[in-house]
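Data first, discussion second: the structure below is written as structure tokens.
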Amino acid sequence: MTNSPHITEAESEVMKLLWQKEPLTAIEIISKLKDQMDWSDQTVKTFLNRLHKKNAIRFEKSGRNYLYYPLVSYDEYVKAANRSFLDRIYNGAVGMLFAKFLEEEKLSESEIDQLQQLLEKKKRGGS
Numbered sequence: 000m001t002n003s004p005h006i007t008e009a010e011s012e013v014m015k016l017l018w019q020k021e022p023l024t025a026i027e028i029i030s031k032l033k034d035q036m037d038w039s040d041q042t043v044k045t046f047l048n049r050l051h052k053k054n055a056i057r058f059e060k061s062g063r064n065y066l067y068y069p070l071v072s073y074d075e076y077v078k079a080a081n082r083s084f085l086d087r088i089y090n091g092a093v094g095m096l097f098a099k100f101l102e103e104e105k106l107s108e109s110e111i112d113q114l115q116q117l118l119e120k121k122k123r124g125g126s
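Have a look at this one:
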């Protein structure tokens, strides 16, 4: 999927379950989220409906149950969330994001080496 739908933080809780294991029945999703998030059955059903309308999930009827599958991969979700954050907070300026991050965070020698290798790869035109 090239244009990932916007998945809210709450909706991502449903998606996390589906990324861990698919398919899941509505009953399984409701049960897990009732325990984890203290959400009502109706709240979870609302999120399932929203995600379906956004084409983030699909379902199949299997007997008396509905089986839910993700249509958006975790990687696609992370890329879209990163882009949204970058645009919202840093007006799309990747350099400013990294500069602020590096100013604030302690990094080990190993982490610095990894970052240098990534930057060198980017400089040479690698992905």
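Sequential numbering from 0 applies to the sequence shown in numbering that gives the first Met the number 0.
Glycine residues also receive a C-beta, built at the ideal position from the N, C-alpha and C atoms.
Treat the numbers as computed from the prediction; the structure is a model and nothing was measured.
Inset, instruction - Would you list the residues sitting across from Thr-135 in a DSSP beta bridge? - result: Because the chain spans 0 through 126 in this model, residue 135 falls outside it and cannot be assessed.
Inset, instruction - Please check the pair Val-43 and Leu-32, which I expect to be a contact at CB under 8 Å, by giving their CB distance rounded to whole angstroms. - result: Your numbering for residue 43 matches position 44 in the sequence shown. Your numbering for residue 32 matches position 33 in the sequence shown. Yes, Val-43 and Leu-32 are in contact; Cβ-Cβ is about 5 Å, under 8 Å.
Inset, instruction - Can you give me the start and stop residues for the beta strand (DSSP E) that Ser-3 sits inside? - result: Position 4 of the sequence shown, counted from the start, is the residue given in the question as residue 3. Looking at the DSSP string, Ser-3 is not in any beta strand (DSSP E), and its letter there is neither H nor E.
Inset, instruction - Answer yes or no: do Leu-47 and Ile-26 have a C-beta to C-beta separation smaller than 9 Å? - result: Reading the sequence shown from its first residue, position 48 is the one you call residue 47. Reading the sequence shown from its first residue, position 27 is the one you call residue 26. By the CB criterion at 9 Å, Leu-47 and Ile-26 fall outside the cutoff.
Legend entry - Classification of Met-14 by the beta-carbon crowding that lies within 10 angstroms, buried from 16 upward: Numbered from 1 along the sequence shown, position 15 holds the residue referred to as residue 14. Met-14 should be labelled buried.
Legend entry - Exposure of Leu-23, with buried meaning 16 or more beta-carbon neighbours within 10 Å: Here the question's residue 23 lines up with position 24 in the sequence shown. Buried is the call here.
Inset, instruction - On a CA-only basis, which of Arg-63, Lys-60 and Ala-9 is nearest Trp-38? Give me that one, please. - result: By 1-based counting over the sequence shown, the position of residue 38 is 39. Of Arg-63, Lys-60 and Ala-9, the residue nearest in Cα terms is Ala-9.
Legend entry - Close beta carbons around Met-0, own chain, < 7 Å, minus the five adjacent residues each side: Looking up residue 0 in the sequence shown gives position 1. Reliability of the predicted coordinates at Met-0 is poor, the pLDDT of 43 falling under 50, and the value obtained from them is presented with this limitation in mind. Taken in chain order, the residues that qualify are Leu-70, Val-71 and Glu-75.
Legend entry - Residue from Glu-119, Tyr-73 and Phe-58 whose Cα sits closest to the Cα of Ser-11: Locating residue 11 in the sequence shown gives position 12, where the first residue counts as 1. The residue with the shortest Cα to Cα distance from Ser-11 is Tyr-73.
Legend entry - Reduced DSSP category for Arg-123 - H, G, I as helix; E, B as strand; rest coil: What you label residue 123 is simply residue 124 of the sequence shown in a count that begins at 1. Arg-123: coil per DSSP, three-state reduction.
Legend entry - Pairwise C-alpha distance: Gly-94 and Arg-82: Counting from one through the sequence shown, the residue named residue 82 turns up at place 83. Counting from one through the sequence shown, the residue named residue 94 turns up at place 95. Taking the Cα positions, Arg-82 is about 13 Å away from Gly-94.
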